[in-house]
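Enquirer:
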Amino acid sequence: MSTEKPVPATSAESVSSDPVDRVIRYHVQTKHHFNRYARALGYLDWANQPDPFRRFKGAPLISLPLLKPDEEPVSPVYDAIYQSGAVWQPVTVRTLSRFFEFALALSAWKKAGESEWPLRSNPSSGNLHPTEGYVVMPQIEGLDLKPGLYHYAPKEHGLELRAEFPAEQIARLLAPFPPGAFLFGLTSVHWREAWKYGERAFRYCNHDVGHAIGSTRIAAATLGWNMALLDGMSQETVALLLGTYRVEDFAEVESEHPDCLAVIWPQEIVKREASFVKRAAPEMPLFLDLTMAKELAAGPWHGKANRLSGEHGVHWDIIDEVAEASRKAQADKLTILLPTSSNSISDTLHVSRETNDAGPSAGQIIRQRRSAVSFDGKTSISAATFFRMMERVMPRADRPQLDRPMPWDVWPYEPAIHLLIFIHRVEGLTPGLYCLVRDPQKLSFIQQSMNPELTWTPAPACPENISLYWLLEGDAKK
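Residues 83 to 560, numbered by our numbering, are exactly what the sequence shown covers, in order.
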């Protein structure tokens with residue numbers, strides 16, 4: 083196959099001004115084809131491989147403690163994190179350290195010959211890691227951090243203080259949220275993916291943001307913290323609070339695209355603060371006040387972003403165009419209901435070292451290597467194990483958002499992706515092609531969109547709440 087350097091796909095006059103049309107045009111133009119790949123440089127420019135670690139020179143670095151697996155806070159067993167309120171921890175420097183360890187930290191180093199590279203807790207396309215993490219911390223009792231914006235530095239496992247925010251102003255900004263809440267943000271360095279993948283980089287950056295949201299939600303669950311994506315506000319608000327709008331801090335270096343902000347809060351604090359839960363309208367906003375964000379951003383900032391590559395070679399204008407087209411200029415001020423029943427919050431599985439014999443810990447699962455290699459072609463799994471795997475990717479979008487299973491409670495969306503599964507060796511299931519319909523209301527649409535000769539037989543012995551269908555018998559190993 084060949085690759086091509088960027089050429090205008092259409093004349094400037096024919097390009098639609100509608101943002102949705104422009105985004106669709108990007109996806110059409112950046113498809114792979116049978117006779118060629120999408121446009122990219124055509125080779126890997128190793129001399130200008132991007133630095134995988136962003137730092138802000140001049141920003142104070144606060145080191146987070148490097149915790150051993152058996153040090154507090156000890157990770158709960160893996161199954162416990164799928165039970166609402168199974169464990170809880172206050173927000174401290176130690177719990178923040180564990181949170182970032184499981185969300186975005188380096189998990190291992192690999193070496194081949196003279197080359198050495200790190201792996202991280204969050205997956206990434208090509209292990210290029212364009213995603214940067216931030217927290218906006220208020221004044222929290224027991225947390226020895228100044229209120230402000232911090233950038234997470236994974237190599238150092240520390241927090242860089244990008245901006246100090248007055249405690250009173252942050253308190254007002256976060257007043258609509260449960261007590262103990264703080265903000266978590268993600269940005270993308272498009273260049274890290276464009277270096278390898280060319281014009282498709284925007285696709286992969288969005289994939290990786292999704293991966294990071296998932297790993298962060300799971301990390302929060304290990305501490306008994308809840309998390310909700312703030313999807314009801316403009317991208318301007320995100321840029322203001324994360325500092326990506328500050329061109330002077332990114333002068334002549336790779337910029338960061340403001341992707342999202344989420345709110346994180348300890349479930350146990352909501353339980354104790356009954357006055358918050360029992361308000362007349364127990365709603366939580368999925369947006370932040372823009373005026374307050376502007377006031378915070380007007381304060382002093384620290385640090386200048388480092389340069390990640392000496393030279394960039396080709397600049398892919400189409401990435402800038404789709405990023406601008408997908409920018410959320412205005413947004414509905416969305417709200418969600420907070421759970422009002424204390425029955426959903428339980429202390430019965432509070433983690434201790436003694437509970438780890440109930441199965442592998444969440445931390446063990448997160449830290450271990452996840453590459454799909456070394457399959458032996460013989461090992462099978464039980465139907466019960468397989469059905470449990472399927473159950474955990476069912477978002478239950480018919481429920482109120484915060485009543486959905488973790489990690490699908492993090493956002494308000496209905497599922498748009500359904501799974502086609504080639505089953506080889508699951509005890510009790512005939513080998514062949516199966517479909518997991520993640521939103522049962524979409525079943526008819528999916529059936530009509532596929533080959534009419536498929537059988538759509540409910541999988542035998544499958545629990546009724548899992549919409550798994552057997553489509554076709556066959557051996558897909560060859």
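C-beta atoms are modelled at their ideal positions from N, C-alpha and C, and glycine is treated no differently. A quick note: this is a predicted structure, and the numbers were derived from the prediction, not measured.
Check this for me: beta carbons of L143 and A235, under 8 Å apart or not?
Expert: By 1-based counting over the sequence shown, the position of residue 143 is 61. By 1-based counting over the sequence shown, the position of residue 235 is 153. Their beta carbons are under 8 Å apart, which means L143 touches A235 by this criterion.
Enquirer: Can you pull the DSSP bridge partners for F138?
Expert: By 1-based counting over the sequence shown, the position of residue 138 is 56. Answer is A387.
Enquirer: At what residues does the alpha helix (DSSP H) containing E318 begin and finish?
Expert: Residue 318 sits at position 236 when you count from the first residue of the sequence shown. Residues Q317 to L324.
Enquirer: Using a 10 Å radius around the Cβ and a threshold of 16 neighbouring Cβ atoms, would you call I618 buried or exposed?
Expert: There is simply no residue 618 to check, as the chain begins at 83 and stops at 560 in what is shown.
Enquirer: Determine contact between the segment 203–218 and the segment 469–483, defined as no fewer than three beta-carbon pairs at a distance below 8 Å.
Expert: Touching, no, given that fewer than three Cβ pairs across the two stretches are closer than 8 Å.
Enquirer: Could you tell me which of G514, L312 and M315 sits nearest to L553, measuring between CA atoms?
Expert: As a first step, residue 553 must be located in the sequence shown, where it is residue number 471. Answer by Cα proximity: G514.
Enquirer: Should the segment 503–518 be called in touch with the segment 311–330, which here means at least 3 C-beta pairs below 8 Å?
Expert: Result no; under three Cβ-Cβ pairs closer than 8 Å.
Enquirer: Mapping DSSP to helix, strand and coil, what is C342?
Expert: Looking up residue 342 in the sequence shown gives position 260. It is a strand residue.
Enquirer: List the residues that DSSP assigns as beta-bridge partners of S270.
Expert: Looking up residue 270 in the sequence shown gives position 188. In the DSSP output, where bridge partners are listed per residue, S270 has T213 and H339.
Enquirer: For A344 and L178, what's the separation of their Cα atoms in angstroms?
Expert: Within the sequence shown, residue 344 is the residue found at index 262, counting from 1. Within the sequence shown, residue 178 is the residue found at index 96, counting from 1. Computed Cα separation, rounded: 15 Å.
Enquirer: In terms of residue numbering, what span does the alpha helix (DSSP H) encompassing A405 cover?
Expert: The residue given as residue 405 occupies position 323 in the sequence shown. First-last of the alpha helix (DSSP H) with A405: D399 to A407.
Enquirer: Go ahead and pull the three-state DSSP assignment for K193.
Expert: As a first step, residue 193 is located in the sequence shown; it is residue number 111 there, counting from the start. Here K193 sits in strand by DSSP.
Enquirer: Between Q529 and L536, what straight-line distance do the alpha-carbon atoms span, to the nearest angstrom?
Expert: Working through the sequence shown from its first residue, we reach residue 529 at position 447. Working through the sequence shown from its first residue, we reach residue 536 at position 454. Taking the straight line from one Cα to the other gives about 9 Å.
Enquirer: In this structure, how does DSSP classify G510 when only helix, strand and coil are distinguished?
Expert: Against the sequence shown, residue 510 aligns to sequence position 428. In this structure, G510 counts as coil in the three-state DSSP scheme.
Enquirer: How about the segment 97–113 and the segment 403–421: do they share at least three Cβ pairs that are nearer than 8 Å?
Expert: The segment 97–113, when compared against the segment 403–421, does touch it at the 8 Å Cβ threshold.
Enquirer: Measure the Cβ-Cβ separation of I295 and L368 and say whether it is below 8 Å.
Expert: The residue given as residue 295 occupies position 213 in the sequence shown. The residue given as residue 368 occupies position 286 in the sequence shown. It is not a contact, given that the beta carbons lie outside the stated cut-off.
Enquirer: Relative to the C-alpha of F184, which residue among V173, I222 and S297 is closest?
Expert: Taking the sequence shown and counting its residues from 1, the one referred to as residue 184 is at position 102. Nearest C-alpha to F184: S297.
Enquirer: Any chance you could list the alpha helix (DSSP H) runs of at least 4 consecutive residues sitting entirely within the segment 215–257, in chain order?
Expert: As far as the segment 215–257 is concerned, its whole alpha helix (DSSP H) runs of at least 4 residues are 249–255.
Enquirer: What are the start and end residues of the beta strand (DSSP E) that includes N117?
Expert: Position 35 of the sequence shown holds residue 117. Element bounds for N117: n/a, residue is neither H nor E.
Enquirer: How far does the alpha helix (DSSP H) with F457 in it reach, from first residue to last?
Expert: Counting from 1 along the sequence shown, the entry for residue 457 is found at position 375. It is not in any alpha helix (DSSP H) - F457 carries neither H nor E in the DSSP assignment.
Enquirer: DSSP three-state call for I528: helix, strand or coil?
Expert: Sequence index remark: in the sequence shown, residue 528 carries index 446 (1-based). If DSSP states are grouped into helix, strand and coil, I528 belongs with the helices.
Enquirer: When the distance is taken between beta carbons, is I163 closer than 8 Å to M374?
Expert: Counting from 1 along the sequence shown, the entry for residue 374 is found at position 292. Counting from 1 along the sequence shown, the entry for residue 163 is found at position 81. Against a cut-off of 8 Å, the Cβ pair of I163 and M374 comes out as no contact.
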